[in-house]
Structure formats: structure tokens, C-alpha cells
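Heads up, the thing below is written out as C-alpha cells.
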Ligand code: ADP
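In the working numbering, the protein residues as written are 5 to 202.
The following block contains the structure:
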């Protein structure tokens with residue numbers, strides 16, 4: 005790419021000879037650089053540098069990285085657990101959202117900080133109140149799958165105005181097994197990591 009950038013347009017033969025490798029060996033590399041939009045080629049002119057628009061490069065990165073690459077371990081409780089226990093779990097596990105699952109790890113609901121604050125403001129005995137009463141319940145839960153990319157995940161977080169998404173594996177009968185969680189923190193961590201690549 006440096007050669008093309010500095011001396012393009014340039015033929016494949018010339019690039020190969022500068023690198024002291026065969027034309028056949030360089031073909032696949034030129035093809036992939038052309039496909040990914042860094043170089044372009046014209047017959048009888050040769051390869052020349054196009055570069056990529058910066059925003060397109062950033063979008064590529066966020067499309068390449070998958071939810072499974074950045075997900076965290078989910079923090080889960082059972083529907084029968086009390087609101088009091090949910091609050092304790094929130095502090096102990098240092099998370100903002102807890103997922104409610106059955107004994108097969110199938111997603112039943114989501115409880116956020118505000119759900120817990122709201123119920124705590126009423127005159128309730130929190131240790132007697134099950135989380136099932138206050139959680140957001142299936143099927144109204146926005147989820148992601150491990151193979152979805154980070155751009156799709158971030159778009160869901162923005163569109164549905166939530167802090168976290170359960171990472172799920174679909175089973176039969178619309179059941180969703182909880183296998184992880186992704187949050188705004190995972191996205192923030194990713195940005196810091198990508199900035200460090202430079
Ligand atoms: P907070 O309560 O800290 O502002 P959220 O913005 O994530 O946290 O939650 C707002 C509301 O949306 C809560 O009632 C919560 O139960 C619900 N909620 C949280 N995550 C999801 C999700 N992934 N899908 C559907 N509802 C959600």
C-alpha cells in the first residue's frame with residue numbers, strides 16, 4: 005500500500021518487482037486491498053491509492069466486531085427473589101441491570117436501577133415483594149445475539165433508550181437463553197481499546 009500510495013498509479017508487475025516477489029504472490033493481496041476500498045485499479049494505468057473515508061473506516065470496525073467479542077457475564081436472579089435481594093445483588097455485583105431467568109436460564113424479565121428505585125419509594129415491604137411484580141417482562145425485552153455486530157447493538161441501545169441488552173441464544177418455542185450482557189460500559193471500553201490501537 006505504501007508503494008502504491010507513493011508511486012501510483014503503478015502496475016502489479018512493478019509492485020511485485022519492488023517487493024522481490026512474484027506477480028502471482030501479490031495478486032491476492034492487491035485483490036483484497038481493492039475489494040476493501042483502499043486501492044483501485046484501471047486497465048493499462050495500474051493500481052492507485054484511494055484510501056477510505058475516515059468515517060467509513062470507523063463504521064467498518066464497528067461492523068467487524070461482534071457482540072460475542074465484547075460481552076460480559078450476565079447477573080441473573082429468579083422471579084421469586086425479593087426486591088430487597090435484587091437491590092443487594094445490584095450492589096454486590098456492581099451492575100445497573102439484573103436479568104430475571106428461570107431454572108433453565110431462559111429470559112423472563114429485566115430489572116433496572118429505576119425499576120428498583122420506583123418500587124422503593126412506595127410504602128412496601130421490599131423483602132416480601134417478588135421481583136416479578138416490578139420487572140419489565142418478556143416479550144417486551146430488547147435482546148441481542150452473539151453474532152450481531154457492535155453497530156447493531158449500539159443502535160438498539162439508542163433506539164430503545166436502555167442501558168443494557170441481554171445476549172441470548174434462541175431456543176425452541178420463542179424461549180431465549182441468557183448467555184451474556186452488553187452495556188454502555190462495554191461500548192465505552194471498546195472505544196478506549198480501539199483508540200489504543202493507534
Ligand atoms: P435505568 O433504570 O437505570 O435508567 P434503563 O434505562 O436500562 O436503566 O431502564 C429503563 C427501563 O427500561 C426500565 O423499566 C427497565 O426495566 C427497562 N429495560 C432495561 N433494559 C431493557 C431491555 N433490554 N429491554 C427492554 N426493557 C429494558
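Just so you know, even glycine gets a beta-carbon here, dropped at the ideal spot from N, CA and C.
- prompt: Enumerated in chain order, which unbroken segments of the beta strand (DSSP E) with a length of 3 residues or greater are wholly contained in the segment 121-175?
  reply: 168-174
task: With DSSP as the reference, please indicate the residues paired to residue 88 in a beta bridge.
output: Position 84 of the chain shown, counted from the start, is the residue given in the question as residue 88. None; residue 88 has no bridge partner.
message: Any heavy atom of the ligand ADP inside 7 Å of the beta-carbon of residue 190?
response: The sequence position of residue 190 within the chain shown is 186, counting from 1. It does not: the Cβ of residue 190 is nowhere closer than 7 Å to a heavy atom of the ligand ADP.
query: If we count the other Cβ atoms within 10 Å of its Cβ and call it buried at 16 or more, is residue 147 buried or exposed?
result: Residue 147 sits at position 143 when you count from the first residue of the chain shown. Residue 147 is buried by the Cβ-count criterion.
message: If I measure Cβ to Cβ from residue 75 and keep anything under 6 Å in the same chain, skipping five residues before and after, which residues do I get?
response: The residue given as residue 75 occupies position 71 in the chain shown. Correct list, in chain order: 171, 184, 186.
message: Just to confirm, is the Cβ distance from residue 104 to residue 157 under 8 Å?
response: Reading the chain shown from its first residue, position 100 is the one you call residue 104. Reading the chain shown from its first residue, position 153 is the one you call residue 157. Contact: no.
Terminal residues of the alpha helix (DSSP H) in which residue 1 lies: Lying before the first or after the last residue shown, residue 1 is absent from the chain, which here runs from 5 to 202.
- prompt: Got a sec? Which residues, its chain only, sit under 6 Å from residue 175 by beta carbon, not counting five neighbours each side?
  reply: Taking the chain shown and counting its residues from 1, the one referred to as residue 175 is at position 171. Contacts found: 181.
- request: Return the residue from the list 59, 19, 13, 94 that minimises the CA-CA distance to residue 44.
  value: Indexing the chain shown from 1 puts residue 44 at position 40. Among 59, 19, 13, 94, the Cα nearest to that of residue 44 belongs to 13.
query: With a CB to CB cut of under 6 Å and the five nearest residues on each side skipped, what residues in its chain are close to residue 194?
result: Taking the first residue of the chain shown as 1, we reach residue 194 at position 190. Cβ within range, chain order: 74.
message: For the alpha helix (DSSP H) containing residue 36, name the first residue and the last one.
response: In the chain shown, residue 36 corresponds to position 32, counting from 1. Run containing residue 36: 27-39, per the alpha helix (DSSP H) assignment.
query: Apart from the five residues on each side of it in sequence, which residues of its chain come closer than 6 Å, Cβ to Cβ, to residue 72?
result: Here the question's residue 72 lines up with position 68 in the chain shown. If we look at residue 72 and ignore the five residues flanking it on each side, its Cβ neighbours are 150.
Nearest residue (CA-CA) to residue 88, options 125, 65, 70: The count along the chain shown starts at 1 and reaches residue 88 at position 84. The residue with the shortest Cα to Cα distance from residue 88 is 125.
task: Would you mind sorting residue 77 into buried or exposed? The rule is 16 or more other CB atoms within 10 Å of its CB.
output: Position 73 of the chain shown holds residue 77. With a threshold of 16 other beta carbon atoms within 10 Å, residue 77 falls short and is exposed.
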